[in-house]
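Going down the list, the sequences are from chains A and B.
For the first sequence, this note's numbering begins at 1 and goes up steadily by one.
For the second sequence, this note's numbering begins at 593 and goes up steadily by one.
For every residue, glycine included, the Cβ atom is placed at its ideal position computed from N, Cα and C.
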Amino acid sequence: MNQPKERRKVLADDKPATLPKAQTGIHGLDEITQGGLPRGRPTLICGCAGSGKTLFAIEFLVRGARLYQEPGVLMAFEETSDELVQNMASLGFDLRGLIEEKKLLIDFVRIERSEILETGEYDLEPLFVRLGYAIDALGAKRVVLDSLETLFAGLTNTAILRAELGRLFHWLKAKGVTAIITAERGDGTLTRHGLEEYVSDCVILLDHRISNQFSTRRVRVVKYRGSSHGTDEYPFLIGERGLSVLPITSVGLSHVAPVERIETGIPRLDTMLGGKGYFRGSSILVSGTAGTGKTSLSAHLVDATCRAGKRCLVFLFEESPSQLTRNMRSIGIDLEPWIKKGLLMLHATRPTLYGLEAHLVTMHKLTDEFKPSVVVMDPVTNLSTSGTVAEAKSLLTRLIDYFKTNQITTFFTSLTSGDQHLESTDVGISSLMDTWLLVRDLETNGERNRVLYVLKSRGMAHSNQVREFKLTEHGIDLMDVYLGPGGVLTGTARVAQEAREASESVLRQAEADRRKRQLDRNRQTLQAQLNAMCFELETAEEELKRINAQEETRNEVEDEDRAVMARARYADAQAASEPKEADQQERSSVHA
Amino acid sequence: MPEKRPTRTRPARPASPAGAEQKKFMLRLYVAGTTPRSIRAILDAEKLCKEHLGGLFTLEVIDIYQRPTLARDEQIVAVPTLVRRLPEPLRKLVGDLSDSERVLIGLDLLIRDQPRQAAVAG
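Okay, here's the thing in structure tokens:
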């Protein structure tokens with residue numbers, strides 16, 4: 001039990017001893033070096049001519065002075081101070097201002113071969129003195145030597161030079177300055193004169209190559225003693241604001257996932273996606289073959305976003321902005337007002353215009369400036385034409401990372417070519433996507449109809465139905481689902497089914513009505529019969545009452561008559577037989 | 593080692609004051625501190641000047657530790673460096689002046705007969 005504890009303690013003790021680093025301030029570089037260059041040590045930057053070594057080094061000084069309050073000294077062997085000031089001004093670096101503020105000192109070392117004659121042993125102490133003087137004058141923390149190899153061109157005694165350079169690097173370390181030494185790349189070696197032997201703490205290689213007629217710049221951390229670092233080749237660009245190493249965003253997956261939803265612009269599609277639409281900050285892919293309505297789907301999202309008062313940035317790789325607005329007007333989506341309001345920006349470029357990295361930087365720049373909440377790329381597959389598929393994928397991975405970190409919803413359309421499996425994308429990005437809608441043509445009964453379904457949608461309950469949709473002048477219309485024996489019915493088959501169902505329901509209704517009427521008639525007949533019988537009953541009762549009353553009256557009369565007759569005959573024995581005859585006569589007269 | 597090399601040089605002018613009348617030599621010797629190498633360079637320079645230039649020269653010894661800005665202004669990268677400021681053109685003789693023949697060539701007191709690379713080989 002005790003052992004692990006002890007080990008943990010040792011680890012904890014080790015932690016503070018990690019290498020202190022000096023942030024370069026160069027976009028993206030601090031991420032791949034995990035914090036910058038080794039502080040107080042020299043770093044070697046090597047690369048062929050025109051690979052951006054000087055710019056790298058100077059940006060390190062400028063950012064150091066501006067962002068981290070670390071003054072810097074530039075010992076330039078190739079360009080004069082004035083030339084450097086001019087060259088860097090084109091990249092937005094105000095060296096003159098820094099020099100005036102005493103945050104930068106440029107010491108131009110000119111070695112003129114024709115002036116120099118070697119007459120024996122020597123050393124490079126003046127360089128040390130000049131550098132030391134400059135460092136002390138500013139209290140400099142950063143030093144750039146660009147490029148020391150010029151010494152080899154001016155002085156011939158390489159044995160002395162090598163010994164002196166070794167001494168110089170030790171001296172720089174002792175001074176505690178973070179230094180950058182640039183060197184030209186040699187044949188098969190990192191540097192032409194083997195400087196990497198002396199500068200062993202950190203070596204960064206810059207590369208500039210042409211592939212498929214596109215020039216790409218790449219940076220690689222060859223070694224970094226005492227620190228972990230990204231080992232890949234990372235593309236970088238020299239832009240209007242200096243160097244940008246990509247990925248600009250971190251390599252890790254650490255973005256926050258919002259739970260908010262945004263509308264798709266198509267109410268019935270919202271319903272399919274758990275009733276609320278896409279997640280904000282998620283990545284959405286619509287893939288499908290040509291002419292299946294991918295762009296229209298994206299236009300709905302754009303419209304809905306702008307309607308909600310949020311900004312939307314659209315990168316078009318196929319259509320011009322006016323072509324898009326015209327086409328979308330035909331399905332009832334007018335994007336023009338959003339552009340005028342400044343809520344929508346359409347940026348159209350040919351993918352082949354420049355390399356992938358340049359595209360990436362343009363996208364970053366526009367996104368930074370415009371601050372959209374939704375970004376649409378239409379179609380993303382076209383990007384692979386200006387690079388390989390693998391490059392396109394890595395670019396998209398970085399883009400998605402970047403957008404997700406900034407909680408920007410991204411909507412990509414991907415064109416699936418005819419011979420490809422539908423559930424695949426040209427650039428293999430589907431695995432990076434949170435929501436994947438698939439649109440396709442369904443060919444039945446001699447017609448093509450568009451259907452849409454949700455292939456996946458992470459983190460939400462979503463419909464599993466294949467839905468037919470129509471492009472109407474009011475936009476995309478998702479149809480009701482009719483299932484036939486062969487699956488979902490689309491197009492005229494659906495219409496026929498609809499008609500059949502409609503007529504069936506009419507027939508059913510008529511039948512029901514008819515039966516209702518019949519029953520009603522029956523009821524009425526019965527009622528009538530009932531009424532007649534009641535009437536008969538009443539009549540019979542009345543008759544009975546009348547007869548009873550008559551009989552009573554007659555009996556009384558007979559009794560009276562008998563009494564009268566008896567009184568008249570003065571007899572009483574015959575009185576009982578005579579009334580019977582009279583009764584019978586009375587009854588027959590009633591019946592007649 | 594100058595004696596080992598076959599002589600391919602000839603005097604540019606008589607090493608006499610008469611020939612140097614028009615051209616006065618202005619020399620500066622940059623050294624770093626008082627290291628043995630510095631001292632040897634200073635002595636060598638003085639001796640050389642006296643021998644070859646007669647009295648028509650000024651030799652200024654500058655310690656870069658004392659005047660670091662001067663090293664920058666005159667683009668000194670190595671020490672010892674003997675700078676011939678006058679007569680024109682400017683010439684920088686880098687090294688401890690041990691190769692006196694090359695020093696003389698550098699001061700235009702000897703004219704090279706052979707192509708340059710032969711001389712450089714030493």
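Of the residues the options, the one placed nearest residue i, counting alpha carbons only
i	options	result
Asn157 (chain A)	A:Asp187, A:Leu145, A:Ile116	A:Ile116
Val177 (chain A)	A:Thr292, A:Arg41, A:Leu360	A:Arg41
Lys294 (chain A)	A:Thr264, A:Tyr402, A:Gln509, A:Arg307	A:Thr264
Lys21 (chain A)	A:Leu297, A:Arg280, A:Cys202, A:Gln407	A:Cys202
Val259 (chain A)	A:Ala510, A:Gln407, A:Leu195, A:Leu489	A:Gln407
Glu78 (chain A)	A:Lys103, A:Ala49, A:Asp94, A:Gln69	A:Ala49
Arg261 (chain A)	A:His255, A:Arg220, A:Thr305, A:Leu243	A:Thr305
Leu151 (chain A)	A:Ala140, A:Arg142, A:Ala163	A:Ala163
Lys616 (chain B)	B:Gln658, B:Glu666, B:His644	B:His644
Leu55 (chain A)	A:Thr492, A:Arg562, A:Ser503, A:Phe93	A:Phe93
Lys393 (chain A)	A:Thr410, A:Val375, A:Ser431	A:Ser431
Thr289 (chain A)	A:Ala496, A:Asn464, A:Val451	A:Val451
Arg142 (chain A)	A:Arg110, A:Val286, A:Arg329, A:Thr24	A:Thr24
Rounded separation between residue i and residue j - CA only
i	j	result
Glu59 (chain A)	Thr381 (chain A)	35 Å
Ile634 (chain B)	Leu685 (chain B)	13 Å
Ala512 (chain A)	Leu526 (chain A)	21 Å
Glu680 (chain B)	Leu674 (chain B)	14 Å
Thr18 (chain A)	Tyr224 (chain A)	13 Å
Asn449 (chain A)	Glu443 (chain A)	6 Å
Arg500 (chain A)	His364 (chain A)	55 Å
Val361 (chain A)	Asn87 (chain A)	22 Å
Thr325 (chain A)	Thr405 (chain A)	30 Å
Arg694 (chain B)	Gly194 (chain A)	30 Å
Leu155 (chain A)	Arg113 (chain A)	7 Å
Arg209 (chain A)	Ser215 (chain A)	6 Å
Leu44 (chain A)	Leu335 (chain A)	52 Å
Cys641 (chain B)	Phe128 (chain A)	29 Å
Leu29 (chain A)	Ile204 (chain A)	11 Å
Arg683 (chain B)	Arg620 (chain B)	11 Å
Arg280 (chain A)	Thr409 (chain A)	6 Å
Gly36 (chain A)	Gln69 (chain A)	15 Å
Leu131 (chain A)	Ser81 (chain A)	15 Å
Ala390 (chain A)	Glu125 (chain A)	51 Å
Per-residue burial, residue i [other beta carbons within 10 Å of its own, 16 or more giving buried]
i	result
Met533 (chain A)	exposed
Glu595 (chain B)	Confidence in Glu595 (chain B) is poor, its pLDDT being 43 and thus under 50, which makes the residue's placement too unreliable to answer from.
Val564 (chain A)	exposed
Tyr570 (chain A)	exposed
Ile135 (chain A)	buried
Gly291 (chain A)	exposed
Val73 (chain A)	buried
Ile547 (chain A)	exposed
Gly97 (chain A)	exposed
Ile284 (chain A)	buried
Leu624 (chain A)	In the structure as shown, chain A begins at 1 and stops at 592. Residue 624 (chain A) is therefore absent and cannot be evaluated.
Arg514 (chain A)	exposed
Ala153 (chain A)	exposed
Lys102 (chain A)	exposed
Leu237 (chain A)	buried
Ile181 (chain A)	buried
Pro660 (chain B)	buried
Supposed contact pair residue j and residue i - C-beta distance, whole angstroms, cut 8 Å
i	j	result
Ser414 (chain A)	Pro379 (chain A)	6 Å
Asp123 (chain A)	Ile160 (chain A)	7 Å
Leu699 (chain B)	Arg676 (chain B)	6 Å
Phe403 (chain A)	Met377 (chain A)	Phe403 (chain A) to Met377 (chain A), Cβ: 10 Å. No contact.
Leu651 (chain B)	Ala637 (chain B)	6 Å
Ile668 (chain B)	Tyr622 (chain B)	5 Å
Leu356 (chain A)	His27 (chain A)	With 8 Å as the limit, Leu356 (chain A) and His27 (chain A) do not qualify as a contact, their Cβ atoms being about 17 Å apart.
Arg311 (chain A)	Leu343 (chain A)	5 Å
Thr641 (chain A)	Tyr278 (chain A)	Residue 641 (chain A) lies beyond the stretch modelled for chain A, which goes from 1 to 592, so this question has no answer here.
Residues sharing a beta bridge with residue i, DSSP
i	result
Tyr453 (chain A)	A:Leu438
Glu443 (chain A)	A:Arg448
Tyr278 (chain A)	A:Ile262
Phe469 (chain A)	A:Leu478
His208 (chain A)	A:Arg217
Gly72 (chain A)	A:Leu104, A:Arg142
Lys684 (chain B)	A:Ile116, B:Val675
Glu149 (chain A)	Answer is none; Glu149 (chain A) lacks a bridge partner.
Ile284 (chain A)	A:Phe411, A:Thr435
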